[in-house]
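Engineer: Under the working numbering, the letters of the sequence shown match residues 95 to 335, in that order.
No residue lacks a Cβ here, since even glycine has one placed at the ideal position from N, Cα and C.
Source: prediction; values computed, not measured.
I have a structure here, written as structure tokens, and I will follow up with some questions on it.
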Amino acid sequence: MTVITPYRDSAKGKKEQVAEMFNNIAPKYDFLNHFLSFGIDKIWRKNAIKLVINHKPEYVLDVATGTADFALECLKSKAKQIVGVDISEEMLNVGRTKIKTLGVSDRVVLQSGDAENLEFADGYFDAVTVAFGVRNFENLSKGIGEIYRVLKPGGMICVLEFSKPKAFPIKQFYAFYSYFILPFFGRLFSKDNSAYRYLPESVEQFPDGEQFLAVLNKVGFTQAKQKRQTFGIATIYIGIR
95 MTVITPYRDS
105 AKGKKEQVAE
115 MFNNIAPKYD
125 FLNHFLSFGI
135 DKIWRKNAIK
145 LVINHKPEYV
155 LDVATGTADF
165 ALECLKSKAK
175 QIVGVDISEE
185 MLNVGRTKIK
195 TLGVSDRVVL
205 QSGDAENLEF
215 ADGYFDAVTV
225 AFGVRNFENL
235 SKGIGEIYRV
245 LKPGGMICVL
255 EFSKPKAFPI
265 KQFYAFYSYF
275 ILPFFGRLFS
285 KDNSAYRYLP
295 ESVEQFPDGE
305 QFLAVLNKVG
315 FTQAKQKRQT
325 FGIATIYIGI
335 R
């Protein structure tokens with residue numbers, strides 16, 4: 095399978111390119127996320143966090159935390175500590191500003207980290223979340239395996255990720271929007287010509303639906319389920335260690 099990367103002419107690996115891309119678009123990332131999804135991404139996050147809340151976690155890890163939107167949503171779970179990790183320092187800096195503004199530095203901590211080499215002890219967390227990040231993993235199985243490792247027995251994984259709508263006419267509209275409208279506004283506001291071309295390409299290649307559930311099962315997760323969102327534009331996946 096061809097590895098989809100943000101910068102086609104770069105000799106860097108996917109991981110380094112993804113970090114560079116998010117460093118470039120960090121200042122406009124939140125605005126573009128909400129603008130280009132018409133704010134629906136906020137609803138998807140709320141639906142995902144409800145599942146985390148039901149699990150009653152005390153310690154939560156948010157992988158590929160970006161600007162910490164989902165880590166901050168995790169506050170609703172009443173967790174004692176939420177740790178967010180990301181490979182983009184510029185995205186983390188935006189998130190740290192939010193955390194400081196909200197006055198929740200005692201409960202939410204952000205740190206630089208690689209999803210495929212997590213610097214945490216085995217069985218430390220009650221829940222691990224990933225919002226719009228797993229498709230950026232250089233090695234998907236390795237990243238999911240690391241999440242499995244740092245979860246306690248009975249711990250929960252909750253992944254929110256873009257997926258591919260199947261039904262007419264949503265499938266056709268989504269494809270047109272993703273490959274033409276989204277890159278245009280992405281270039282206009284972020285000044286990164288590649289970032290919002292990479293997005294639809296990475297979504298297209300990502301093994302969504304039953305294929306992703308198979309990845310969870312192969313790593314060792316049980317009770318793996320998917321909950322499609324908004325005609326299948328996004329999907330929430332959950333599993334138990």
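If I measure Cβ to Cβ from Gly314 and keep anything under 6 Å in the same chain, skipping five residues before and after, which residues do I get?
Structural biologist: Hits under 6 Å: Tyr242.
Engineer: Does DSSP put Glu167 in a helix, a strand or coil?
Structural biologist: In the structure shown, Glu167 sits in a helix (DSSP, three-state: H, G or I).
Engineer: When DSSP labels each residue in this structure, what does Asp208 get in the three-state scheme?
Structural biologist: Strand, per DSSP.
Engineer: Using the rule of at least 16 other Cβ atoms within 10 Å of the residue's Cβ for burial, across every protein chain shown, is Ala221 buried or exposed?
Structural biologist: With 16 or more other Cβ atoms within 10 Å, it is buried.
Engineer: Nearest to Tyr292 by CA position, among Gly280, Ile147 and Gly303, is which residue?
Structural biologist: The shortest Cα separation from Tyr292 among Gly280, Ile147 and Gly303 belongs to Gly280.
Engineer: Looking only at DSSP bridge pairs, what is Gln299 linked to?
Structural biologist: Beta-bridge pairing links Gln299 to no other residue.
Engineer: In terms of residues, what are the limits of the alpha helix (DSSP H) holding Lys246?
Structural biologist: From DSSP, Lys246 is part of no alpha helix (DSSP H) but of the beta strand (DSSP E) over Leu245 to Phe256.
Engineer: Where are the beta strand (DSSP E) runs, 3 residues long or more, that stay fully inside the segment 137 to 195, in chain order?
Structural biologist: You should have 153 to 157 and 175 to 180.
Engineer: Identify the continuous beta strand (DSSP E) that holds Val224 and give its terminal residues.
Structural biologist: Unbroken beta strand (DSSP E) run through Val224: Phe219 to Ala225.
Engineer: Between the alpha carbons of Lys236 and Glu210, how many angstroms are there, rounded?
Structural biologist: Cα to Cα, Lys236 sits roughly 6 Å from Glu210.
Engineer: Would you list the residues sitting across from Ile330 in a DSSP beta bridge?
Structural biologist: Its beta-bridge partners are Leu254 and Lys321.
Engineer: State the Cα-Cα distance for the pair Phe274 and Asp216, rounded to the nearest angstrom.
Structural biologist: Computed Cα separation, rounded: 44 Å.
Engineer: Using the C-alpha atoms, what's the distance from Leu234 back to Lys109?
Structural biologist: If you take the alpha carbons of Lys109 and Leu234, they lie about 12 Å apart.
Engineer: Beta-carbon separation of Lys122 and Ala162 under 8 Å?
Structural biologist: The answer is no: Cβ separation not under 8 Å.
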